[in-house]
Amino acid sequence: MFKVIPAIDLKNKKCVSLIQGIPGTERVSIDNPLAVAKRWVSEGADVLHLIDLDGAIEGKRLNSSIIRSIVRNSCVETQVGGGIRSKNDAADLLNAGVERVILGTAAINDPFLVEELAGEFGKKRIIVALDSKNGKVTTHGWAMASLFSTIELGRKFEKLGAGSILFTDINTEGLLKGVDPAPTNELVQALDIPVIASGGITNLYDIETIKKTGAKGIVVGAALYVGNFTLKEALELEDV
């Protein structure tokens, strides 16, 4: 089942769209994130992708109350990431009704945290984010490059119990210049667990291109917010 998942990126308690995740490059800034969430749900979304950018970049989860409000009021599945640095952070969200937590920096720093959380809450509720630039995974809100390849870490976290991988191609993220399907395709072929792709979606053709890689989902942000296509049009590309 291929899913189209609208992104709600949160910074300073606003819904924003940044260019390549760089603070100060807001293409979109909306004061009421809860209204945005309700809009996407009303237009057919059954999964929302919520990222606390303050948490991801600075390690301070400044948007927790907004995330809780969206989870409480949206009545659809949510997957949440950004600033989840410990087991307590993850458990707090999972116990608050979040369907899946997304671990990035915390997973790289402490891989066995993935194993621990998967054992306690179930594999399907644990997503590991592999944000890659030029084939290497980054951490700390994309600010620091690691020595590890995407496929190397994907296989490692699959063995440790991750239920799925969120793969973001930083080279294309937020630029609205189209996707490069090759890295996603390589990761899909290397793993048995589902891969959710992100980065570069500019038009409906890009969604179809990623779908053909075998990815199980695509996170859509900037293109949706600037009106390149509607969510309804994108959802029509899901598997029936």
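Residues in the sequence shown are numbered from 142 upward in steps of one, following this note's numbering.
Virtual Cβ for every residue (Gly too), placed ideally from N, Cα, C.
Quick caveat: nothing in here was measured; it's all calculated off a predicted structure.
Exercise. Quick one: Cα of LEU307 to Cα of ALA338, how far?
Worked result: Locating residue 307 in the sequence shown gives position 166, where the first residue counts as 1. Locating residue 338 in the sequence shown gives position 197, where the first residue counts as 1. The straight-line gap from Cα to Cα measures roughly 6 Å.
Exercise. Do the CB positions of THR325 and THR354 come within less than 7 Å of each other?
Worked result: The residue labelled residue 325 in the question sits at position 184 within the sequence shown. The residue labelled residue 354 in the question sits at position 213 within the sequence shown. Yes, the pair counts as a contact, with Cβ atoms nearer than the cut-off.
Exercise. Thinking just about the alpha-carbon of each residue, which of GLU327, GLU293, GLY319 is nearest to the one in LEU345?
Worked result: As a working note, residue 345 is residue 204 in the sequence shown. The candidate whose alpha carbon is nearest that of LEU345 is GLY319.
Exercise. By Cβ distance, which residues of its chain are closer than 6 Å to ASP187, with the 5 residues on each side in sequence left out?
Worked result: For the purposes of this step, residue 187 is taken as residue 46 along the sequence shown, with counting starting at 1. The answer, listed in chain order, is VAL217.
Exercise. Which partner residues of ARG383 appear in the DSSP bridge assignment?
Worked result: Any question about residue 383 goes unanswered here, given that the chain covers just 142 to 381.
Problem set entry | Residue range of the alpha helix (DSSP H) that includes PRO174 | Counting from one through the sequence shown, the residue named residue 174 turns up at place 33. Segment 174-183, the alpha helix (DSSP H) holding PRO174.
Problem set entry | Cβ-Cβ separation, ALA270 to ILE243 (assumed contact under 8 Å), whole Å | Indexing the sequence shown from 1 puts residue 243 at position 102. Indexing the sequence shown from 1 puts residue 270 at position 129. Going by Cβ atoms, the distance from ILE243 to ALA270 rounds to 5 Å, so yes, they are a contact pair.
Exercise. Which value, in whole angstroms, describes the spacing of the CA atoms of ALA212 and GLY238?
Worked result: Stepping through the sequence shown from its first residue, residue 212 is reached at position 71. Stepping through the sequence shown from its first residue, residue 238 is reached at position 97. One point to set straight first is that residue 212 is Val, not Ala, in the sequence displayed. Roughly 7 Å between the two C-alpha positions.
Problem set entry | Cβ-Cβ separation, LEU294 to GLU256 (assumed contact under 8 Å), whole Å | Here the question's residue 256 lines up with position 115 in the sequence shown. Here the question's residue 294 lines up with position 153 in the sequence shown. The Cβ separation is near 14 Å, so there is no contact.
Problem set entry | Per-residue burial, GLN330 [other beta carbons within 10 Å of its own, 16 or more giving buried] | Along the sequence shown, one-based indexing puts residue 330 at 189. Exposed, by the Cβ-count rule.
Problem set entry | C-beta atoms of LYS144 and GLY340 nearer than 7 Å | As a first step, residue 144 is located in the sequence shown; it is residue number 3 there, counting from the start. As a first step, residue 340 is located in the sequence shown; it is residue number 199 there, counting from the start. Cβ atoms of LYS144 and GLY340: not closer than 7 Å.
Exercise. Could you check where the beta strand (DSSP E) with ALA148 kicks off and where it finishes?
Worked result: Along the sequence shown, read from residue 1 onward, the residue named residue 148 stands at position 7. 144-152 is the span of the beta strand (DSSP E), which, as asked, contains ALA148.
For this session: Locate the beta strand (DSSP E) running through GLY263, then write down its first and last residues.
Result: For the purposes of this step, residue 263 is taken as residue 122 along the sequence shown, with counting starting at 1. First-last for GLY263: undefined, no H or E at that position.
Problem set entry | Limits of the unbroken beta strand (DSSP E) element including VAL336 | Translated into positions along the sequence shown, residue 336 becomes position 195. Counting along the chain, the beta strand (DSSP E) containing VAL336 begins and ends at 336-339.
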